[in-house]
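Down below is the structure, laid out as structure tokens.
Protein chains: 2
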Amino acid sequence: MRLLLGSGGLITPERREAWKNELNDFLGAISRVTFLPYAGGDYTAYMKRVAELDLAAGRKVEGLHEAKNLLAEIVKAECIFVGGGNSFRLLADLYRLNLLGAIQERVRAGIPYLGISAGTNMACPTMKTTNDMPITYPPSLGALGFIPFQINPHYFTGAVHYESPAGLTKYGGETRDDRLREFHEMNDTVVVGLTEGSILRIEGNRASLRGTSFCRIFRKGQPSEDRSTGSDLSDLL
Amino acid sequence: MRLLLGSGGLITPERREAWKNELNDFLGAISRVTFLPYAGGDYTAYMKRVAELDLAAGRKVEGLHEAKNLLAEIVKAECIFVGGGNSFRLLADLYRLNLLGAIQERVRAGIPYLGISAGTNMACPTMKTTNDMPITYPPSLGALGFIPFQINPHYFTGAVHYESPAGLTKYGGETRDDRLREFHEMNDTVVVGLTEGSILRIEGNRASLRGTSFCRIFRKGQPSEDRSTGSDLSDLL
């Protein structure tokens with residue numbers, strides 16, 4: 223399988239450039255991507271934003287939601303790109319539209335899969351390491367399962383501070399590390415905390431970290447381990 | 223019904239004092255609280271923390287998890303106190319242990335219900351406005367339904383910044399307001415964003431905001447509305 227999984231957080235030109243460079247290298251001559259905007263609320267606005275940010279690096283972006291026959295469109299797709307937004311809404315739609323099996327079949331047959339944020343979570347065994355709000359209830363948390371570990375997109379270390387009239391105020395709820403500790407209180411799967419701007423590139427039995435930052439690997443009952451951009455991650459496959 | 227619903231974020235002495243003062247006024251002579259620690263991972267550690275922070279203001283705190291017959295314990299409870307942690311784990315346990323009906327019956331019969339954070343989310347129609355990670359999959363997102371609106375605990379306005387080696391860095395994922403907007407893209411229910419330190423007190427058809435801060439009311443398709451501590455919220459019931 224060939225996967226390019228971005229953490230998201232493409233709010234800086236540097237991170238967007240890194241994503242586009244990696245995408246160009248990964249996709250090569252493929253000039254058309256089939257884009258799934260289901261994590262977003264307003265598909266038209268979302269497609270416009272993808273174009274404005276040039277997230278497919280000049281390639282033709284065809285929204286799957288505009289196709290008459292979704293499954294036929296997946297069958298002829300050269301590349302599948304699943305965008306970010308709310309992961310619960312995305313997975314609920316993948317089930318509702320009966321798309322999981324068709325996407326799995328195509329990606330296992332070799333076409334590239336691109337994900338950002340929620341789209342990256344979909345490549346994992348489940349969506350249990352999402353940061354999103356459960357605004358809807360998918361029939362299962364089971365996702366596409368292209369990789370054997372979980373990814374936490376938009377991962378960050380340390381405490382959270384929020385803007386308030388009194389200036390930056392420390393948040394009193396769980397940190398991201400608290401939440402991932404809770405995940406391992408109920409699950410055994412390895413989690414890769416993918417910092418914003420980071421990209422995981424997987425080809426067959428090879429995986430490596432690309433993009434602008436590092437990742438942190440969480441294994442149940444063990445200290446976490448950091449790896450910097452350029453590192454090999456094939457041992458996790 | 224009588225409900226005292228705290229947002230959480232009891233990391234400052236000022237907020238803890240406000241919670242205890244309100245709890246004393248609300249519970250009066252009741253000297254024993256039945257505490258549900260199921261949102262936490264380690265019940266013993268959690269009970270210790272509740273004692274250390276004195277979250278029941280000197281009252282006897284009996285952990286429901288230590289009872290031989292959970293339902294019998296609920297029947298004789300003078301007050302039910304549901305603590306914070308992970309809302310998915312909490313609700314999954316309430317279903318697994320078959321506790322929802324018994325708690326609903328007792329609270330509807332008049333015993334006080336106290337909630338903090340995840341415990342506050344349980345008083346809502348659903349847990350769809352939680353901030354927690356879906357580390358487990360409850361059979362439904364439907365919760366105790368004591369109030370007709372949703373609460374987002376630990377609510378804050380504005381952008382998030384996280385600690386990093388480079389100092390405070392702006393988070394590139396969704397803000398809390400983004401997440402609540404997503405909620406209203408798929409749901410119609412009113413949401414009260416309960417800032418940290420805020421407490422919602424409900425008695426029969428009267429509701430008011432207590433504690434140290436304000437709340438923000440989100441109605442689908444309308445501008446949000448702020449109310450300060452001391453405000454009446456009975457119109458939301």
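Each protein sequence line maps, in turn, to chains A and B. Quick note on our numbering: the first sequence kicks off at 223 and runs consecutively. Quick note on our numbering: the second sequence kicks off at 223 and runs consecutively. Just so it is clear, CB atoms sit at the ideal spot from N, CA and C, and this is done for glycine as well. Since the structure is predicted, the reported quantities are computational estimates derived from the model, not experimental observations.
Under the three-state reduction of DSSP output, residue 397/B falls in the coil class, being neither helix nor strand.
Between residue 433/B and residue 421/B, the CB-CB gap stays under 8 Å. For residue 287/A, the closest Cβ of chain B is not nearer than 8 Å. Around the beta carbon of residue 354/A, 16 or more other beta carbons sit within 10 angstroms, so the residue counts as buried.
Closest in alpha carbon position to residue 226/A, among 338/A, 450/A, 373/A and 411/A, is 338/A. Residue nearest to residue 248/A within the set 264/A, 228/A and 234/A is 228/A (criterion: CA-CA distance).
Under the DSSP assignment, residue 244/B falls in the alpha helix (DSSP H) whose first and last residues are 235-249.
By the criterion of a C-beta distance shorter than 7 Å, residue 319/B is surrounded in its chain by 292, once the five residues flanking it on both sides are discounted.
Between residue 363/A and residue 350/A the beta-carbon gap is near 6 Å, inside 8 Å, which marks them as a contact. Beta-bridge partners assigned by DSSP to residue 412/A: none are found. Straight-line spacing of the CA atoms in residue 442/B and residue 458/B works out to 14 Å.
Only exposed fits residue 235/B, as fewer than 16 other CB atoms lie within 10 angstroms of its CB.
The secondary-structure analysis by DSSP pairs residue 383/A across a beta bridge with 392/A and 383/B. Around residue 413/B, the same chain offers 351, 372, 374, 402 and 440 as residues with beta carbons nearer than 6 Å, after the five sequence neighbours per side are excluded. In the pairwise beta carbon analysis, the segment 284-291 of chain B is classified as not touching the segment 379-387 of chain A: fewer than three pairs are separated by under 8 Å. Within the segment 254-278 of chain A, those residues whose Cβ lies closer than 7 Å to any Cβ of chain B are, in chain order, 263.
Annotated three-state conformation of residue 252/A is coil, per DSSP. Judged by DSSP in its simplified three-state form, residue 313/A adopts helix. When beta bridges are read from the DSSP output, residue 429/A appears opposite 424/A.
Along the segment 333-350 of chain A, going in chain order, the ones with a CB nearer than 8 Å to a CB of chain B are 339, 349 and 350. By DSSP's assignment, residue 224/A forms a beta bridge with 425/A.
Taking all protein chains shown into account, residue 450/A has fewer than 16 neighbouring C-beta atoms within 10 Å of its C-beta and is therefore exposed. Two segments are said to touch when three or more pairs of C-beta atoms, one from each, lie closer than 8 Å; by this definition the segment 326-334 of chain A does not touch the segment 305-318 of chain A. In terms of Cα proximity to residue 317/B, the closest of 279/B, 435/B and 358/B is 358/B. Among the residues of the segment 303-323 of chain A, those with a Cβ less than 7 Å away from any Cβ of chain B are 308 and 311, in the order of the chain. Under the DSSP definition of a beta bridge, residue 439/A partners with 414/A and 447/A. Sequence-distant Cβ neighbours of residue 446/B in its own chain, meaning closer than 6 Å and more than five residues away, are 438 and 440. When the five nearest sequence neighbours on each side are left out, the beta carbons in the same chain lying within less than 7 Å of the beta carbon of residue 326/B are those of 366, in order along the chain. For residue 270/B, the enclosing alpha helix (DSSP H) starts and ends at 265-274. In this model, residue 243/A and residue 237/A are separated by some 10 Å (Cα to Cα). A Cβ-Cβ contact shorter than 8 Å links residue 312/A with residue 340/A. Listed along chain A, the residues sitting closer than 9 Å to residue 381/B by beta-carbon distance are 384 and 385. When Cβ-Cβ separations below 8 Å define contact, residue 355/B makes contact with chain A.
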